[in-house]
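Structure first, commentary second.
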Amino acid sequence: GADSSRILQTRGLRKEFGGLTATDDVDFALEAGELRCLIGPNGAGKSTFLNLLTGQLEPTDGEIYYDGADITGLASHERVDRGISMKFQVPSVYEGLTVAQNLRIPLQQVVGPDAFDARTHEILERFGLLDQWETVAGALSHGQQQRLEIGMAMATEPKLMLLDEPVAGLSVEETADIAELLREIAGDDGVALIVIEHDIDFVETIADRVTVLDGGSIFREGSIEEIKADPEVKRIYLGG
Ligand code: ADP
Ligand code: MG
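Residue numbering for the sequence shown follows our numbering, beginning at 98 and increasing consecutively.
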């Protein structure tokens, strides 16, 4: 069974692609409302790990416990219903739809039509997109698209949000906006977050704790200060 103080726990989670082990017996635990950053070199297995949590990928072995239940066999949409939402590495807004129409897609899962406009207003205001209500998403700046996607992920009222490189390619200012939003989502809304990120300065501004993956395994876990000071962590980054 799962430890009930945790929102998420994995046991011996494993994913093999042919002969390659992308996730290697990972035992991971996250407290409710915690903001955890997941770092590690390219190919360390960060995206694979998140895709196992959402149900986008099926594990070769191991279990995933969420909110007190074994969800290993659940389909992605069932995990969304239970409060797990994901912002993928590749942008996944519908470029031909307006901002409001994009938001309606996840909102339909949680509120009736009567509440669409009020909830849309609330989310767009919070994510700084009120003036873009009728703008097609393809015409938004990269930073606005990222904020829309995080807004879409929040629309389903999750308990756990997974974000794969939410500030990749963003300006310093846009990155600071996203950092503030993520801190609020964890601190004010009590949503647990796992954020994959390369930029160690960004990690430092947001994370409670950091997990370092390497070769599919957990290499280190600790506070940002501990991780930054760890010579072995520096070595796996510099050594490729
Ligand atoms: P990261 O996100 O840390 O860069 P990934 O999880 O994307 O790493 O990849 C981990 C390893 O698994 C890499 O060696 C990658 O090539 C491999 N991999 C990822 N997805 C697939 C897939 N669908 N099929 C085969 N190999 C994959
Ligand atoms: Mg990745």
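Heads up, the beta-carbon is just placed ideally off N, CA and C, and yes, glycines get one too. Bear in mind that the values here come from a model prediction, so they are computed numbers and not experimental data.
- Around the beta carbon of Asp-311, 16 or more other beta carbons lie within 10 angstroms, which makes this residue buried.
- Exclusion of Asn-199 from the 7 Å shell around the ligand ADP follows from its C-beta lying no nearer than that to any non-hydrogen atom of the ligand.
- The stretch 179-198 makes contact with the stretch 258-265, as at least three CB pairs between them are under 8 Å.
- Of the other Cβ atoms in all chains shown, 16 or more fall within 10 Å of the Cβ of Phe-125; this residue is therefore buried.
- Of the heavy atoms belonging to the ligand ADP, at least one sits nearer than 7 Å to the Cβ of Phe-114.
- Scanning Gly-165, Ile-247, Asp-164, Glu-271 for the CA closest to the CA of Arg-223 turns up Ile-247.
- A distance criterion of 7 Å places the beta-carbon of Ser-144 in contact range of the ligand ADP, judged by its closest non-hydrogen atom.
- Beyond the five residues adjoining it in sequence on each side, Ile-293 comes within less than 6 Å, by CB distance, of Leu-135, Lys-143, Asp-261, Glu-262 in the same chain, given in chain order.
- A distance below 8 Å separates the beta carbons of Arg-133 and Arg-306.
- Distances from the CA of Ile-282 to each of Leu-200, Val-233, His-218, Ala-129 were compared; the closest alpha carbon is that of Ala-129.
- No Cβ-Cβ contact shorter than 8 Å links Glu-160 with Thr-151.
- Going by C-alpha positions, Gly-209 is about 10 Å away from Arg-201.
- Counting along the chain, no alpha helix (DSSP H) covers Ile-168, and no H or E run does either.
- In the DSSP annotation of this structure, the continuous segment of the alpha helix (DSSP H) that includes Glu-219 starts and ends at 213-223.
- If the five residues before and after Asn-148 are omitted, its C-beta is found closer than 6 Å to the C-beta atoms of Leu-154, all from its own chain and listed in chain order.
- In its chain, beyond the 5 residues on either side, Asp-124, Gly-159, Glu-160 have a beta carbon closer than 7 Å to the beta carbon of Arg-108.
- By the 16-neighbour rule on beta-carbons within 10 angstroms, Gln-243 is buried.
- Taking every protein chain shown into account, the CB of Gln-241 has 16 or more other CB atoms within 10 angstroms, so this residue is buried.
- A distance criterion of 7 Å places the beta-carbon of Gln-186 in contact range of the ligand MG, judged by its closest non-hydrogen atom.
- Bridge partners of Asp-261 according to DSSP: Ile-293.
- Measuring C-alpha to C-alpha distances from Asp-286 to each of Leu-257, Asp-178, Glu-113, Tyr-163 identifies Leu-257 as the nearest.
- The stretch 114-162 contains, as complete alpha helix (DSSP H) runs of 4+ residues, the segments 143-151 (chain order).
- Proximity of the beta carbon of Asp-261 to the ligand MG is indicated: a heavy atom of the ligand is located closer than 7 Å.
- Between Trp-230 and Val-207, the C-beta spacing is not below 8 Å.
- For Asp-305, no beta strand (DSSP E) run applies, since DSSP gives it neither H nor E.
- Ser-173: member of the alpha helix (DSSP H) spanning 173-179, first to last residue.
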